[in-house]
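Student: Have a look at the structure that comes next, please.
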Amino acid sequence: MKPHRIRMTHSLIMNYRLYKKMEIYRAKPATKQEMCQFHTDEYIDFLSKVTPDNMEQYSKEQGKYNVGDDCPVFDGLFEFCGISGGGSMEGAARLNRGKCDIAINWAGGLHHAKKSEASGFCYVNDIVLGIIELLRYKQRVLYIDIDVHHGDGVEEAFYTTDRVMTVSFHKYGEYFPGTGELRDIGVGAGKYYAVNFPLRDGITDTTYKEVFEPVIGHVMEFYRPDAVVLQCGADSLSGDRLGCFNLSMAGHANCVEFVKKFNLPTLVVGGGGYTMRNVSRAWTYETGILVNQKVGPNLPFSDFYEYFGPDYELDVRPSNMENLNSKEYLEKIKIQVLSNLERTRHAPSVQTIDVGKGLTEHQEEQDAMLDDIDEDGPGMDTRQTQRQWDCATEKEGELYSDSEDEEITSSMGVRKTGKKGLRNARDWKEGGSGTGSGNATPFTGPGGSDNASESAGGNTAKGSGATSKRDGQGRDLTEYDEELEALRKETEEETQPDNDGDVEMGGDEQPSPSAKVLTDEAADEEMIDVPAQPSTSSTSKTTKIDPVPAAESLAQAKPESATTDDKIKAEASEHSKTDAPAKGPSSGAAKPSESSIAEAAPEGSNPTATDRHTSKPPFAADEPVSSAAKAPASPAETSAKEEK
Numbered sequence: 001m002k003p004h005r006i007r008m009t010h011s012l013i014m015n016y017r018l019y020k021k022m023e024i025y026r027a028k029p030a031t032k033q034e035m036c037q038f039h040t041d042e043y044i045d046f047l048s049k050v051t052p053d054n055m056e057q058y059s060k061e062q063g064k065y066n067v068g069d070d071c072p073v074f075d076g077l078f079e080f081c082g083i084s085g086g087g088s089m090e091g092a093a094r095l096n097r098g099k100c101d102i103a104i105n106w107a108g109g110l111h112h113a114k115k116s117e118a119s120g121f122c123y124v125n126d127i128v129l130g131i132i133e134l135l136r137y138k139q140r141v142l143y144i145d146i147d148v149h150h151g152d153g154v155e156e157a158f159y160t161t162d163r164v165m166t167v168s169f170h171k172y173g174e175y176f177p178g179t180g181e182l183r184d185i186g187v188g189a190g191k192y193y194a195v196n197f198p199l200r201d202g203i204t205d206t207t208y209k210e211v212f213e214p215v216i217g218h219v220m221e222f223y224r225p226d227a228v229v230l231q232c233g234a235d236s237l238s239g240d241r242l243g244c245f246n247l248s249m250a251g252h253a254n255c256v257e258f259v260k261k262f263n264l265p266t267l268v269v270g271g272g273g274y275t276m277r278n279v280s281r282a283w284t285y286e287t288g289i290l291v292n293q294k295v296g297p298n299l300p301f302s303d304f305y306e307y308f309g310p311d312y313e314l315d316v317r318p319s320n321m322e323n324l325n326s327k328e329y330l331e332k333i334k335i336q337v338l339s340n341l342e343r344t345r346h347a348p349s350v351q352t353i354d355v356g357k358g359l360t361e362h363q364e365e366q367d368a369m370l371d372d373i374d375e376d377g378p379g380m381d382t383r384q385t386q387r388q389w390d391c392a393t394e395k396e397g398e399l400y401s402d403s404e405d406e407e408i409t410s411s412m413g414v415r416k417t418g419k420k421g422l423r424n425a426r427d428w429k430e431g432g433s434g435t436g437s438g439n440a441t442p443f444t445g446p447g448g449s450d451n452a453s454e455s456a457g458g459n460t461a462k463g464s465g466a467t468s469k470r471d472g473q474g475r476d477l478t479e480y481d482e483e484l485e486a487l488r489k490e491t492e493e494e495t496q497p498d499n500d501g502d503v504e505m506g507g508d509e510q511p512s513p514s515a516k517v518l519t520d521e522a523a524d525e526e527m528i529d530v531p532a533q534p535s536t537s538s539t540s541k542t543t544k545i546d547p548v549p550a551a552e553s554l555a556q557a558k559p560e561s562a563t564t565d566d567k568i569k570a571e572a573s574e575h576s577k578t579d580a581p582a583k584g585p586s587s588g589a590a591k592p593s594e595s596s597i598a599e600a601a602p603e604g605s606n607p608t609a610t611d612r613h614t615s616k617p618p619f620a621a622d623e624p625v626s627s628a629a630k631a632p633a634s635p636a637e638t639s640a641k642e643e644k
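Using full-length UniProt numbering, you'd call the opening residue of the sequence shown number 1 and step up by one each time.
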């Protein structure tokens with residue numbers, strides 16, 4: 001009976017967009033005076049005062065009002081009772097005024113509460129309060145209970161009157177609350193107006209339908225009610241923690257659909273149910289039936305999506321539980337029940353009296369004031385007020401935009417998702433249950449590798465048999481992989497050298513002046529193909545060529561050329577003088593031979609990565625250029641150079 005199941009039901013109803021088919025009303029909590037229409041003043045006063053902190057002071061009252069064991073004291077107890085009772089009372093009031101045909105209060109249905117006693121997790125009997133409100137305008141009210149437990153509180157409240165007929169289908173025999181025998185038919189004016197159909201364990205959809213529809217059909221024919229109150233306790237579903245029936249979700253909802261066919265003003269309330277995921281499933285499905293919209297089987301993504309694993313479907317399946325309700329037993333009970341209904345063939349008459357001013361009349365005055373406020377306009381900053389949004393419904397054949405009032409829908413728990421429904425646990429994992437971004441742009445990392453799924457928060461299914469990549473919203477990333485592959489090939493083509501051996505240089509990166517002199521004059525003297533050096537930069541699309549290896553190859557290829565060698569030696573001498581104090585070897589070190597230099601130069605030279613952004617060509621300590629570059633120029637060579 002935790003209120004958490006109401007939140008789960010509300011979340012599913014909102015995310016199935018069922019709220020667009022009905023009006024939402026925020027009922028005010030029932031006051032003490034309204035609760036005391038049925039309950040005693042002392043009992044209601046006790047509920048309003050007792051808390052977990054001071055419950056020891058009310059130990060005597062707890063025993064008197066049966067509070068403490070099955071009905072524990074918790075924080076917000078009286079507030080919960082007010083919300084439950086106020087919802088049923090206002091639903092009944094709107095039915096009286098003709099504002100709706102069906103009113104739903106899933107927080108209600110607490111049918112065990114007595115006049116001055118709590119029972120079976122029920123403190124305030126909202127059903128009795130709702131029926132009392134209906135009786136202000138309706139001559140006869142029919143109460144139908146499909147909870148696995150007997151609705152003893154409601155039956156006891158109207159046991160002596162013929163204005164309310166109570167019909168209960170429940171488990172009987174060593175089962176809480178121990179009432180609801182076939183012979184309990186009412187007393188006094190209410191004789192034969194209390195109908196009990198005791199059942200045994202394991203009843204199925206088929207057998208339940210065979211007894212429910214004939215009995216309710218005869219009740220409608222003989223009693224002719226003006227309004228119906230339907231209690232939809234979900235503990236009669238298969239797999240309930242406290243229930244012992246074997247009904248599926250469809251079998252439970254069949255009762256709601258059958259009652260709806262009579263087109264009477266109907267108040268639908270909740271009730272028992274102790275497997276929360278099945279309770280919210282059943283009530284959501286039945287809400288769809290009441291608004292004529294089929295829902296399921298796929299569940300929409302909601303705040304409580306993980307509760308519905310592992311199938312993540314809107315369905316409650318029956319088990320292989322044995323059905324102890326034989327056809328002979330059910331037929332015998334049905335004959336006796338129909339025989340009692342024969343005695344009520346003539347509907348009782350009701351004397352017309354002044355009912356006074358109650359909740360219905362107060363609501364008329366309040367709604368008139370709120371209508372005047374709404375007519376003044378919601379203002380410049382909002383499209384419509386919260387009340388206007390709650391009362392708005394979508395009609396078939398009209399177009400609506402999902403982008404309207406996104407702030408209001410998000411505050412009501414409506415989630416925006418790219419997938420309408422996830423089929424099973426595998427789709428739940430692939431679709432992503434966490435914080436992964438679904439629209440991140442993939443990029444190409446170093447070396448042209450695809451790092452889209454790691455960098456963008458995408459999810460790749462592992463171990464589930466899936467081979468495609470998916471983003472945070474479950475969309476396939478195969479098309480992004482194809483674009484990445486095309487981009488990588490295009491980048492490789494740009495960085496590859498042409499057929500003539502030349503390499504395209506970047507427009508913003510220019511070689512140093514000294515390197516330009518060396519390469520231009522060397523190219524004029526002899527054309528030599530220079531191999532491209534791979535770049536270690538991950539951001540540049542072009543390959544940058546360092547001029548020093550070209551000068552080395554030219555010096556080794558034509559050592560006898562005087563003119564070119566003089567210029568090469570002069571340039572290299574200037575650089576060696578500049579870099580010697582910082583990077584060069586000590587003056588006493590032995591000079592390597594020319595052959596050893598020619599072998600070591602290609603391995604140690606990679607100035608692109610060490611001094612990429614300077615115009616001056618870098619030289620490392622272990623990177624000799626040539627043997628002549630290490631020795632000073634001779635006087636003869638200097639004079640010959642000056643003459644030229």
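C-beta atoms are modelled at their ideal positions from N, C-alpha and C, and glycine is treated no differently. Source: prediction; values computed, not measured.
Should GLY217 go down as buried or exposed, given a rule of 16 or more other Cβ atoms within 10 Å for buried?
Tutor: To locate residue 217, count along the sequence shown from 1; it is residue 217. So GLY217 counts as exposed.
Student: Quick one: what does DSSP say SER553 is sitting in, helix, strand or coil?
Tutor: Taking the sequence shown and counting its residues from 1, the one referred to as residue 553 is at position 553. Any reading at SER553 must be qualified, since the residue scores a pLDDT of 44, below 50, and its modelled position is unreliable; no value is offered.
Student: On a CA-only basis, which of VAL141, GLU23, PRO225 and GLY109 is nearest ILE6? Give me that one, please.
Tutor: Counted from its first residue, the sequence shown places residue 6 at position 6. Cα-wise, what sits closest to ILE6 is GLY109.
Student: Could you tell me whether any Cβ in chain D is nearer than 7 Å to the Cβ of LYS20?
Tutor: The question asks about chain D, but that chain is absent: this structure has only one protein chain.
Student: With DSSP as the reference, label THR266 as helix, strand or coil.
Tutor: Locating residue 266 in the sequence shown gives position 266, counting from the first residue. Here THR266 sits in strand by DSSP.
Student: Using the beta-carbon count (16 or more within 10 Å), is GLU42 buried or exposed?
Tutor: The count along the sequence shown starts at 1 and reaches residue 42 at position 42. It is exposed - the Cβ of GLU42 has fewer than 16 other Cβ atoms within 10 Å.
Student: In chain order, what residues of the same chain have a beta carbon less than 7 Å from the beta carbon of THR344, not counting five sequence neighbours either side?
Tutor: Mapped onto the sequence shown, residue 344 falls at position 344. These residues qualify, in order along the chain: TYR192, TYR193, PHE222 and TYR223.
Student: Between the C-alpha atoms of GLU490 and TYR305, what's the straight-line distance to the nearest angstrom?
Tutor: Taking the sequence shown and counting its residues from 1, the one referred to as residue 490 is at position 490. Taking the sequence shown and counting its residues from 1, the one referred to as residue 305 is at position 305. Their backbone Cα atoms lie some 44 Å apart in a straight line.
Student: May I have the straight-line CA-CA distance separating LEU484 from TYR285, to the nearest angstrom?
Tutor: Working through the sequence shown from its first residue, we reach residue 484 at position 484. Working through the sequence shown from its first residue, we reach residue 285 at position 285. Distance between the alpha carbons of LEU484 and TYR285: 45 Å.
Student: Nearest to LEU182 by CA position, among GLY190, TYR175, SER168 and SER48, is which residue?
Tutor: To locate residue 182, count along the sequence shown from 1; it is residue 182. Here the closest residue by C-alpha is SER168.
Student: Within a Cβ cutoff of 7 Å, which residues of the same chain sit near LEU47, ignoring the five residues on either side of it in sequence?
Tutor: As a first step, residue 47 must be located in the sequence shown, where it is residue number 47. Within the same chain, LEU47 has close Cβ partners LEU77, PHE78, CYS81 and TYR123.
Student: How would you call THR206, buried or exposed, if buried means at least 16 neighbouring beta carbons within 10 angstroms?
Tutor: Counted from its first residue, the sequence shown places residue 206 at position 206. Per the 10 Å Cβ criterion, exposed.
Student: Specify the secondary structure class of ILE203 as computed by DSSP and reduced to three states.
Tutor: Translated into positions along the sequence shown, residue 203 becomes position 203. Of the three classes helix, strand and coil, the one that applies to ILE203 here is coil, per DSSP.
Student: Taking the beta carbon of SER280 as the centre, do at least 16 other beta carbons fall within 10 Å, making it buried, or is it exposed?
Tutor: The residue you call residue 280 lines up with position 280 of the sequence shown. Its Cβ being crowded by 16 or more others within 10 Å, SER280 is buried.
Student: What is the DSSP secondary structure of THR9, reduced to helix, strand or coil?
Tutor: Along the sequence shown, read from residue 1 onward, the residue named residue 9 stands at position 9. DSSP places THR9 in helix when its eight states are reduced to three.
Student: Output the distance between the C-alpha atoms of SER88 and LEU324, rounded to the nearest integer angstrom.
Tutor: The residue you call residue 88 lines up with position 88 of the sequence shown. The residue you call residue 324 lines up with position 324 of the sequence shown. So the alpha carbons of these two residues sit roughly 35 Å apart.
Student: What number of angstroms, rounded off, separates the C-alpha of PRO442 from the C-alpha of GLU492?
Tutor: To locate residue 442, count along the sequence shown from 1; it is residue 442. To locate residue 492, count along the sequence shown from 1; it is residue 492. Here PRO442 scores only 42 on pLDDT, less than 50, and its place in the model is too uncertain to base an answer on.
Student: Between the alpha carbons of GLY151 and THR160, how many angstroms are there, rounded?
Tutor: Within the sequence shown, the letter at position 151 stands for residue 151. Within the sequence shown, the letter at position 160 stands for residue 160. Distance between the alpha carbons of GLY151 and THR160: 16 Å.
Student: Just to confirm the assignment, what range does the alpha helix (DSSP H) spanning TYR285 have?
Tutor: Numbered from 1 along the sequence shown, position 285 holds the residue referred to as residue 285. Taken as a continuous stretch (DSSP letters only), the alpha helix (DSSP H) holding TYR285 covers 276 to 290.
Student: Taking the alpha-carbon positions, what's the VAL229 to VAL269 distance?
Tutor: What you label residue 229 is simply residue 229 of the sequence shown in a count that begins at 1. What you label residue 269 is simply residue 269 of the sequence shown in a count that begins at 1. Taking the straight line joining both Cα atoms gives about 8 Å.
Student: When the Cβ atoms of the stretch 224 to 243 are set against those of the stretch 52 to 72, are three or more pairs found closer than 8 Å?
Tutor: no
Student: Once you ignore the five residues that flank SER119 on each side, which residues in its own chain have a CB closer than 8 Å to its CB?
Tutor: One-based indexing of the sequence shown puts residue 119 at position 119. Excluding sequence neighbours, SER119 sits near ASN66, ASP70, CYS71, HIS112, ALA113, ASP152, GLY153 and PRO177.
Student: Under the rule that 16 or more other beta-carbon atoms within 10 Å means buried, what is ILE335, buried or exposed?
Tutor: On the sequence shown, residue 335 is found 335 positions in, with the first residue counted as 1. The residue is exposed, with fewer than 16 neighbouring Cβ atoms inside 10 Å.
Student: Have a look at GLY85 and ASP126 and give me their C-alpha separation to the nearest angstrom.
Tutor: Start at 1 with the first residue of the sequence shown, and residue 85 comes out as number 85. Start at 1 with the first residue of the sequence shown, and residue 126 comes out as number 126. Roughly 4 Å between the two C-alpha positions.
Student: What does the Cβ neighbour count give for THR275, buried or exposed, with the cut at 16 atoms within 10 Å?
Tutor: To locate residue 275, count along the sequence shown from 1; it is residue 275. THR275 comes out buried.
Student: Output yes or no for whether 7 Å exceeds the beta carbon distance between PRO300 and LEU314.
Tutor: Your numbering for residue 300 matches position 300 in the sequence shown. Your numbering for residue 314 matches position 314 in the sequence shown. Cβ distance not < 7 Å, so PRO300 and LEU314 don't count as in contact.
Student: With a threshold of 7 Å on Cβ separation, who are the neighbours of ARG277 within its own chain once the five nearest residues in sequence on each side are excluded?
Tutor: Numbered from 1 along the sequence shown, position 277 holds the residue referred to as residue 277. Cβ neighbours of ARG277 beyond the five flanking positions: TYR307 and PHE308.
Student: With MET165 as the anchor, note down where its alpha helix (DSSP H) starts and where it stops.
Tutor: Your numbering for residue 165 matches position 165 in the sequence shown. Looking at the DSSP string, MET165 is not in any alpha helix (DSSP H); the run it does join, the beta strand (DSSP E), is 164 to 171.
Student: Does DSSP put PRO348 in a helix, a strand or coil?
Tutor: Counted from its first residue, the sequence shown places residue 348 at position 348. In the structure shown, PRO348 sits in coil (DSSP, three-state: anything other than H, G, I, E or B).
Student: Measure the C-alpha to C-alpha separation of HIS107 and PRO3 and round it to an integer number of angstroms.
Tutor: Taking the sequence shown and counting its residues from 1, the one referred to as residue 107 is at position 107. Taking the sequence shown and counting its residues from 1, the one referred to as residue 3 is at position 3. A quick correction: the sequence has Ala, not His, at residue 107. CA-to-CA, the gap between ALA107 and PRO3 works out to about 8 Å.
Student: Tell me the DSSP secondary structure of ALA92 in three-state form.
Tutor: As a working mapping, residue 92 is identified with position 92 in the sequence shown. Reduced to three states, the DSSP call for ALA92 is helix.
Student: Is VAL211 near LEU330, with beta carbons less than 7 Å apart?
Tutor: Position 211 of the sequence shown, counting from 1, holds the residue named residue 211. Position 330 of the sequence shown, counting from 1, holds the residue named residue 330. At a Cβ-Cβ threshold of 7 Å, VAL211 and LEU330 count as neighbours.
Student: With DSSP as the reference, label GLN231 as helix, strand or coil.
Tutor: Stepping through the sequence shown from its first residue, residue 231 is reached at position 231. Strand, per DSSP.
Student: Residues in its own chain within less than 7 Å of MET8 by CB, not counting five upstream and five downstream?
Tutor: Taking the sequence shown and counting its residues from 1, the one referred to as residue 8 is at position 8. Hits under 7 Å: MET276, SER280, PHE304 and TYR307.
Student: Could you have a look at TYR143 and say whether DSSP puts it in helix, strand or coil?
Tutor: The sequence position of residue 143 within the sequence shown is 143, counting from 1. Correct three-state label for TYR143: strand.
Student: Given this structure, state the Cα-to-Cα distance separating ALA227 from SER248, to the nearest angstrom.
Tutor: Translated into the one-based positions of the sequence shown, residue 227 becomes position 227. Translated into the one-based positions of the sequence shown, residue 248 becomes position 248. Whole-angstrom Cα-Cα distance: 27 Å.
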